[in-house]
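Colleague: Take this structure, written in structure tokens, and hold onto it; I'll ask about it next.
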Amino acid sequence: MYLSEYLKRGNNNLDLARIVLALMVIVGHSAALHPRDGWIDPVSLFFPFTYSGALAVKGFFLVSGILVANSAMDKKDIYSFLSSRFLRIFPGLLFVVVITAFIIGPLFSTLSINEYLRTIEPFKYVAETITMRVNYFLPGVFTGNADGGSVNGSLWTIPYEVSMYCVMIGLFYLSGFNKKIITSASLLIIFSPVFMSNPPMGSTISAEIYPLQSCFFTGVLFAIYKDKLKVNLMLPFIFALLYMSIKNEIMMYISFYISFASFVVVISGFSFIKKIKIKKDISYGVYLWGFPVQQSISYMFNDISTLSHIMLSIAVTIPIAYFSFVFIESPAINLSKKIIKHKSESQAHP
């Protein structure tokens, strides 16, 4: 099956794949947020250079590159693209940020509720995070936990994802959707980590943008050549061979991440996977809420095992993510569709 056919409704189960990836992030974070009983991340056991959460995020970015690029090519309208992306990302993000600042924060802070709400920090946290200057700390919140007070460490990827959207859509429109130009620029972005010796912006976490940008723009290339790209196990196998043969360490790891992400894409098209019906795409909500839920559970149940912490975190996060999708994300998605439809009708009947 070619990717163009694979991307048609009913021919894949990427909704399930993204939920599994989001749950992997919870598993991956537990080793740091609730280290007990000598727990070792299952992915790190076999691949010491990464862990479940980091691997899952790379999968997210490649899948996102495919879907977002495919959407942009179908719409070929910057207004429709930007409005749909904005209303997909920011309502859910605003929801988790506000609840974290004004409900979770006061409940788990070492300050009294009155002291907490009199500080400027909760408002600063919301304003900075929602404008892509992610703030990780609230006064006195989770400071006694193993991870030293970070309220939502997962949010660091959101600004990077938004920046990828901006670069991609700028590339598409400035090139006039020219495949050769898009391909050349995407390949330059994918291989640019080879020429970078220091993390961008001078921070350790920023070094993670290397594989993220490579995975995302690999997904973009997949979408660009969707009529020629076959979705089968040969795809991840090729990148696995690159992983085992490339000498450059950075590109070796990136090849591994792309191989994994491609494997996720391929198996999402298997018949038995497609039969598992997912009615609500709660993956974004699971990703957004997993970290603060894990920190809250670690605070309340400090003595439980890491495995128990993982299972309890998943059990609590899923219904919250469901609520977020039904009452926050889904209405925003529907609003986006109405805006795009109204614009199309206005253009058809000026």
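For the sequence shown, UniProt numbering gives the first residue as 1, with consecutive numbering after it. Glycine residues also receive a C-beta, built at the ideal position from the N, C-alpha and C atoms. Quantities reported herein were computed from a predicted structural model and do not represent experimental measurements.
So what does residue 151 bridge to, in DSSP terms?
Modeller: As a position in the sequence shown, residue 151 is number 151, starting the count at 1. DSSP lists no partner for residue 151.
Colleague: Using a Cβ-Cβ distance under 8 angstroms, would residue 83 count as near chain C?
Modeller: Included in the structure is just one protein chain, with no chain C present.
Colleague: Output the distance between the C-alpha atoms of residue 81 and residue 115, rounded to the nearest integer angstrom.
Modeller: The count along the sequence shown starts at 1 and reaches residue 81 at position 81. The count along the sequence shown starts at 1 and reaches residue 115 at position 115. Using only the alpha carbons, I get a separation of about 43 angstroms.
Colleague: In or out: residue 147 buried (at least 16 other Cβ within 10 Å) or exposed?
Modeller: Numbered from its first residue, the sequence shown carries residue 147 at position 147. It counts as buried.
Colleague: Please state whether the Cβ-Cβ distance between residue 172 and residue 151 is less than 8 angstroms.
Modeller: Numbered from its first residue, the sequence shown carries residue 172 at position 172. Numbered from its first residue, the sequence shown carries residue 151 at position 151. No, these two residues do not count as a Cβ contact at 8 angstroms.
Colleague: Just the C-alpha distance for residue 227 and residue 62, rounded to the nearest angstrom, thanks.
Modeller: Position 227 of the sequence shown, counted from the first residue, corresponds to residue 227. Position 62 of the sequence shown, counted from the first residue, corresponds to residue 62. Their backbone Cα atoms lie some 18 angstroms apart in a straight line.
Colleague: Which residues bound the alpha helix (DSSP H) around residue 114?
Modeller: Translated into positions along the sequence shown, residue 114 becomes position 114. Residue 114 -> alpha helix (DSSP H) spans 113–118.
Colleague: For residue 47, which of helix, strand or coil comes out of DSSP?
Modeller: Along the sequence shown, one-based indexing puts residue 47 at 47. Three-state result, residue 47: coil.
Colleague: Can we say the stretch 17–28 touches the stretch 285–292, given the rule of at least three CB pairs closer than 8 angstroms?
Modeller: A contact exists between the stretch 17–28 and the stretch 285–292.
Colleague: Mind the definition here: the stretch 261–270 touches the stretch 36–44 only if three or more C-beta pairs lie below 8 angstroms; say whether that holds.
Modeller: Verdict: no, contact absent.
Colleague: Would you tell me roughly how many angstroms separate the C-alpha atoms of residue 134 and residue 270, rounded to the nearest one?
Modeller: Within the sequence shown, numbered from 1, the residue matching residue 134 stands at position 134. Within the sequence shown, numbered from 1, the residue matching residue 270 stands at position 270. Spanning the two alpha carbons is a distance of roughly 38 angstroms.
Colleague: To the nearest angstrom, how far is the alpha carbon of residue 181 from that of residue 70?
Modeller: Here the question's residue 181 lines up with position 181 in the sequence shown. Here the question's residue 70 lines up with position 70 in the sequence shown. Taking the straight line from one Cα to the other gives about 17 angstroms.
Colleague: Find out if the Cβ-Cβ distance for the pair residue 328, residue 91 is shorter than 8 angstroms.
Modeller: Locating residue 328 in the sequence shown gives position 328, where the first residue counts as 1. Locating residue 91 in the sequence shown gives position 91, where the first residue counts as 1. Yes, Cβ-Cβ distance for residue 328 and residue 91 is below 8 angstroms.
Colleague: Would DSSP call residue 360 helix, strand or coil?
Modeller: The first residue shown for the chain is 1 and the last is 350, placing residue 360 beyond what the model contains.
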